[in-house]
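What follows is a set of notes on a single structure, which appears directly below.
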Amino acid sequence: MFKPAITGSGVFTPSQIITNDELVVAFNAYADKQNALNADAIAAGAAAPVPYSSSEFIFNASGIEQRHVLDKTGVLDPEIMHPVLRARSDDEPGQMAEMAVTAASDALAQAGVAASEIDAVLCAASNHERAYPAIAIEIQQLLGCGGFAFDMNVACSSATFGIQAAADMIRAGSISKALVVNPEICSAHLEWRDRDCHFIFGDVCTAVVLERVEDAKGAHFDIRSTRCATQFSNNIRNNNGFLRRTRPGQMEDRRDMQFVQNGRKVFKEVLPMVSSHILGHLADEQIAADSLKRLWLHQANKTMNDFIGKKVLGRVPEPAEQPNILQDYANTSSAGSIIAFSKYSDDLEQGDLGVICSFGAGYSVGSVILERA
Ligand code: COA
Numbered sequence: 035m036f037k038p039a040i041t042g043s044g045v046f047t048p049s050q051i052i053t054n055d056e057l058v059v060a061f062n063a064y065a066d067k068q069n070a071l072n073a074d075a076i077a078a079g080a081a082a083p084v085p086y087s088s089s090e091f092i093f094n095a096s097g098i099e100q101r102h103v104l105d106k107t108g109v110l111d112p113e114i115m116h117p118v119l120r121a122r123s124d125d126e127p128g129q130m131a132e133m134a135v136t137a138a139s140d141a142l143a144q145a146g147v148a149a150s151e152i153d154a155v156l157c158a159a160s161n162h163e164r165a166y167p168a169i170a171i172e173i174q175q176l177l178g179c180g181g182f183a184f185d186m187n188v189a190c191s192s193a194t195f196g197i198q199a200a201a202d203m204i205r206a207g208s209i210s211k212a213l214v215v216n217p218e219i220c221s222a223h224l225e226w227r228d229r230d231c232h233f234i235f236g237d238v239c240t241a242v243v244l245e246r247v248e249d250a251k252g253a254h255f256d257i258r259s260t261r262c263a264t265q266f267s268n269n270i271r272n273n274n275g276f277l278r279r280t281r282p283g284q285m286e287d288r289r290d291m292q293f294v295q296n297g298r299k300v301f302k303e304v305l306p307m308v309s310s311h312i313l314g315h316l317a318d319e320q321i322a323a324d325s326l327k328r329l330w331l332h333q334a335n336k337t338m339n340d341f342i343g344k345k346v347l348g349r350v351p352e353p354a355e356q357p358n359i360l361q362d363y364a365n366t367s368s369a370g371s372i373i374a375f376s377k378y379s380d381d382l383e384q385g386d387l388g389v390i391c392s393f394g395a396g397y398s399v400g401s402v403i404l405e406r407a
């Protein structure tokens with residue numbers, strides 16, 4: 035069996051930023067507009083007014099200060115309230131493939147690997163912009179990778195599940211080098227008109243290169259072990275899909291055709307699942323939790339991460355031990371833990387251990403134990 039390693043990582047960050055204050059101004063303008071439209075029904079007690087959002091609530095509830103998006107103009111226009119992206123012809127690179135190429139090029143450069151050496155491209159993300167051909171095959175073609183490519187979706191855990199799938203192929207010997215990319219255009223499946231969640235998501239793309247340990251050229255991370263787990267839940271759900279037009283009533287502007295969550299339940303149910311998943315994985319690998327140098331956690335909520343860090347390490351983690359990026363990026367679905375890994379891993383020394391852990395819709399949890407080599 036071959037041992038896999040992560041030898042490069044890259045992040046594509048969209049240039050446009052929406053601060054909490056900008057977001058709240060737009061949301062409250064939308065609320066005013068809706069409340070004026072429904073003034074009679076509201077006055078008659080037949081409809082509830084849309085309440086205002088607040089930057090203070092957003093920061094206190096989530097730790098989020100801003101988010102990067104592909105298009106802020108549409109999102110902040112109270113008449114639109116979603117990103118507006120240019121339609122592309124079939125002969126142009128797609129939106130997701132374009133983001134992925136930028137992130138992947140950085141990851142390949144860091145690994146010192148030519149695109150042509152890659153045997154497998156996995157595009158692992160929460161949503162794919164079309165049904166087929168696979169976005170991964172388009173990325174393979176744009177970069178000039180060899181081998182094969184496929185898309186996969188495990189929502190917020192897509193990246194860690196993708197790493198396990200690629201690592202398993204390397205272990206088994208069917209491939210020697212893989213590229214796992216996570217283009218997350220969360221702004222397009224977020225309901226920006228829903229006060230309970232309008233602040234949650236941002237856009238980004240991450241990429242990692244996996245190789246056999248013996249092929250790694252520079253500083254890298256050996257993958258000591260990977261573990262994935264799932265348990266069905268409706269508490270994070272999006273009902274949009276290819277059967278939509280077949281179902282009477284589903285073509286309307288229906289709330290459940292975008293991201294819907296029961297945030298409180300997610301909070302309560304996912305926290306114990308994640309901490310016991312990480313602790314069980316470490317115990318089976320005979321790694322003492324307090325010997326970990328870093329936790330690169332899924333980036334949805336600061337309180338959630340603080341809780342998991344404390345539960346896993348058995349004490350309050352130092353900020354450097356459990357870096358958060360959600361204040362700058364918001365929740366970027368599967369890419370969040372990989373952004374944290376990419377930005378906060380260079381300082382680890384040989385032999386240092388860390389865990390990448392994602393969690394979210396499904397429910398799904400994925401953990402990747404890494405050792406700095
Ligand atoms: N501005 C102001 N007030 C708001 C608000 C907003 N944008 N959104 C909600 N509120 C209000 C609510 O109406 C509620 O008021 P009430 O107590 O009078 O009813 C109060 O704030 C608390 O709302 P609640 O939804 O219970 O907040 P919360 O503390 O649970 O935080 C989340 C919400 C979503 C940040 C939090 O539940 C969370 O992070 N959950 C896990 C999310 C997650 O990991 N999801 C995975 C997605 S991939």
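So the mapping is simple: the working numbering equals the position in the sequence shown, first residue as 1, plus 34. Beta carbons are placed, not taken as given, at the ideal position from N, Cα and C, and that holds for glycine.
Sixteen is the threshold: since fewer than 16 other Cβ atoms of the shown chains lie within 10 Å of the Cβ of residue 71, the residue is exposed. Counting along the chain, the unbroken beta strand (DSSP E) around residue 258 starts and ends at 255-264. In this structure, residue 358 has its beta carbon at no less than 7 angstroms from each heavy atom of the ligand COA. Secondary structure note for residue 398: its beta strand (DSSP E) is the uninterrupted segment 398-406.
Secondary structure note for residue 53: it is in no alpha helix (DSSP H), and the uninterrupted beta strand (DSSP E) holding it is 50-53. Between residue 119 and residue 222, the alpha-carbon positions lie close to 10 angstroms from each other. In the pairwise beta carbon analysis, the region 128-147 is classified as not touching the region 91-98: fewer than three pairs are separated by under 8 angstroms. Looking at the DSSP output, residue 157 bridges to 185 and 215. In the structure shown, residue 118 falls within a coil segment according to DSSP collapsed to helix, strand and coil. Just so you know, the alpha carbons of residue 75 and residue 81 end up roughly 5 angstroms apart. Looking at 392, 359, 157 and 375, the one whose alpha-carbon comes closest to that of residue 236 is 359. With a contact defined as Cβ atoms closer than 8 angstroms, residue 190 and residue 308 miss out at about 11 angstroms. Counting the other Cβ atoms within 10 Å of the Cβ of residue 54 gives 16 or more, which makes it buried. With distances taken between CA atoms, residue 260 lies nearest to 198 out of 229, 198, 43 and 206.
Relative to residue 112, the option among 278, 61, 397 and 311 whose CA is nearest is 61.
Contact check between the region 246-256 and the region 392-400: fewer than three CB pairs, one atom from each, fall below 8 angstroms, which does not count as touching. Rounded to whole angstroms, the gap between the alpha carbons of residue 363 and residue 123 is 29 angstroms.
Proximity of the region 360-379 to the region 213-230 meets the contact definition, three or more beta-carbon pairs being nearer than 8 angstroms.
Between the ligand COA and the CB of residue 272, the shortest heavy atom gap is not smaller than 7 angstroms.
The beta carbon of residue 93 is closer than 7 angstroms to those of 54 and 99 in its chain, skipping five residues each way along the sequence. Residue 245 is positioned such that its CB atom lies closer than 8 angstroms to that of residue 39. In the DSSP assignment, residue 308 falls within the unbroken alpha helix (DSSP H) covering 297-318.
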